[in-house]
Amino acid sequence: MSFRGRRIIEALRDVSFDVAAGEFVSLLGPSGCGKSTVLSLVAGLRAPTSGKVLCDGQSVRAPVTSAGMVFQKPVLLEWRSALGNVLLSADAHGMDRAVAEQRARALLASVGLAGFEHAYPRELSGGMQQRAAICRALIHEPTRLLMDEPFAALDAITRDQLSVDLGRLFLERRPSVLFVTHSIPEAVFLSDKVIVMTNRPGTVDRIVNIDLPRPRSLHVRQTPRFGGFVEEILELFVAAGLLREEGGGVRAGDAAA
Amino acid sequence: MQWRSIARDLGISAASLVVLLLAWSIFVQSTGVKEFLLPSPEKVLATMWAERSTLLAEAGITAWETLLGFALSVAIGIPVALLMTESRLAYLVGNPLIVGLQTVPKIAVAPLLVVWLGFGLSPKVIVVVLVAFFPIVVNAVAGFRSVDADMRNLGRILGLGRMTFFFRISLPHSLPSIFAGLKVAMTLALIGAVVGEFVGSERGLGHLLLSSSARLNSLLSFSALVALTILGLLLYAAVAVAEWLAVPWRRRVDESDVMGGHSG
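Chains as they are written, first to last, in my numbering: chain A, 1322 to 1578; chain B, 8 to 271.
Right under this line is the structure:
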């Protein structure tokens, strides 16, 4: 990757936040606010022009290979089966093959992919592919999970299902999660903490703590407290000029992305 | 179900060949065209059978030149493609050379090669490399370049080294594109071998074709021509089979289309 010869644009300014151990944190903002850039900085896939990313007190200078990462696209290798794709990560982390295969099968089964272990990615639907990608990110039981708009390309129902599944996987394992999204309800539903970012240069507008009890079912989205969080975040975007109101006030229901 | 559909497809292709031969035969009989201009397919086939040991021996030589040149093209072409993908400098230096070399008419270079290298095997092999190299490099470069940023980031977050990344991700990802190049290269390689034989040789199907037509022995010319065609089909089929074996994940495409998407 090279940025030579391009105009340098200030992408981020004063972005500062912490992710505690076992905490689910979402980076929420409109496209172009630099939330994915923040994630790749945290992953060590990109170096900051100034400032630093600290991980367990250490400055991040190289790709954080101990982390699990899920991209917006599944990025499965089309020549490997679902199981083979999960095992690629196991091999890369030097896991014992027999142990890894057993764990990979269990992991695939836990996200509803039992019976599809030997299917090639192109034989799977988009949602199934992304589930396999999540299994690949979790196979080595990482303490940090980085997710870059993993559900953005999926239909609304598949998205809901995957949100519920991710909530369960998170509760079972309790890694620290940094989750990038542009959907307000998705961020509120999944997170302990939502970092609201606004545009150009991307900057942290506010950090909203979501203290809804876990496990959360989809019905939590109908509760007044959930609606309150959504509204609070929505107002931030309105105040930043990213959303314009028409007529009366903003209702929580309008936030569905 | 798969084998039956394969058999049916082969049957259709074979039938089209039979129809072509029939049309040729009918044309020769109805127009009464002279045999030295266009012999009938029956006579050509009879001649081929009578001359089978000669044809096989000459075909073996041409096949050897073709395969040797082809193998050399792969052995040089794939690393060159990799180098041109990884290094911008190598691309800037290599690309005009390769395109330049490709635009030089090989038939014009071949006599020079004979002057330099004599009448042996090497000038033929070199002509083969000159024609087969280009499609291999171009398609391999296209394949390697289609490894996108997401795949590179996946490799980086998994901590894969350069070599591991190449063999685990870049190479298998590029195989379909590489094989597209190999198929074109194989058919060109045979043409290269024949061109090499035309210019200076005592052996091979190209030489047989040239010497028999010089003596107006059309039956033998056509026999050599048909033998060349069969050789070309066999060589092409060998690459296609290799692709079928090396790229199994592209085989099931039709079935998955039939199955449709599973609900996610």
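Ideal Cβ placement from N, Cα and C applies to all residues, glycine included.
Look at B:TRP251: its C-beta is not under 8 Å from any C-beta on chain A. A residue is called buried when at least 16 other Cβ atoms come within 10 angstroms of its Cβ; B:PRO46 meets this threshold and is buried.
Neighbours of A:VAL1396 in chain B, taken as residues at a C-beta separation under 7 Å, are given in chain order as ASP157, MET158, LEU161. Shown here, A:CYS1376 sits in a strand according to DSSP, grouped into three states.
A:ASN1530 carries a strand assignment under DSSP once its states are collapsed to helix, strand and coil. Under DSSP, A:PHE1500 shares a beta bridge with A:SER1347, A:MET1468.
Residues of the same chain with a CB within less than 8 Å of the CB of A:GLU1566, apart from the 5 flanking positions on each side, are VAL1559 in chain order.
Per DSSP, the continuous alpha helix (DSSP H) segment holding B:VAL132 begins and ends at 128–152. If you check each beta-carbon in the stretch 121–144 of chain B against every beta-carbon of chain A, none falls closer than 7 Å.
For A:GLY1389, the enclosing beta strand (DSSP E) begins and ends at 1389–1391.
DSSP, reduced to helix, strand and coil, places B:LYS50 within a helical segment of the structure shown. The alpha-carbon separation between B:LEU226 and B:ALA192 amounts to approximately 30 Å. B:LEU215 places its beta carbon less than 8 Å from that of B:ALA231. CA-to-CA, the gap between B:SER220 and B:LEU28 works out to about 22 Å. DSSP, read as helix, strand or coil, puts B:GLY203 in helix. Beta-carbon to beta-carbon, A:ALA1342 and A:SER1497 are separated by about 6 Å, close enough to satisfy the 8 Å threshold. Secondary structure at B:VAL111: coil, using DSSP grouped into helix, strand and coil. Neighbours of A:LEU1366 in chain B, taken as residues at a C-beta separation under 8 Å, are given in chain order as ASN160, ARG163, ILE164. Membership of B:ILE13 in the alpha helix (DSSP H) is indicated by the continuous run 9–38.
Chain-ordered listing is empty here: chain B has no CB closer than 7 Å to the CB of A:GLU1507, the nearest sitting near 16 Å. C-alpha of B:LEU161 to C-alpha of B:VAL26: approximately 53 Å in a straight line.
For B:TRP256, the closest Cβ of chain A is nearer than 8 Å. Under the 10 Å beta carbon count, B:HIS180 is surrounded by 16 or more other beta carbons and is classified as buried. A:PHE1392 has a beta carbon lying within less than 8 Å of a beta carbon in chain B. Straight through space, the alpha carbons of B:VAL100 and B:GLY67 are spaced by roughly 38 Å. In the three-state scheme derived from DSSP, where H, G and I count as helix and E and B as strand, A:VAL1525 is classed as strand.
The beta-carbon of A:THR1386 is placed less than 8 Å from the nearest beta-carbon of chain B.
Here the C-alpha atom of A:VAL1374 lies approximately 25 Å from the C-alpha atom of A:ARG1457.
Annotation: A:THR1519 is outside any alpha helix (DSSP H); the continuous beta strand (DSSP E) that includes it extends over 1514–1519. Under the 8 Å criterion on CB atoms, A:ALA1474 is classed as non-interfacial with respect to chain B. Look at A:LEU1333 here: in three-state DSSP terms it is strand.
Fewer than three Cβ pairs drawn from the stretch 165–185 of chain B and the stretch 35–45 of chain B lie within less than 8 Å of each other, which leaves the two stretches out of contact. Here A:GLY1523 is buried: its Cβ has 16 or more other Cβ atoms, across all protein chains shown, within 10 Å. Considering only A:GLY1350, A:ALA1427, A:VAL1359, the residue with the shortest C-alpha distance to A:ASP1335 is A:VAL1359.
Proximity of A:SER1410 to chain B, defined by a Cβ-Cβ separation below 8 Å, is satisfied. In the DSSP annotation of this structure, the continuous segment of the alpha helix (DSSP H) that includes B:VAL233 starts and ends at 225–253.
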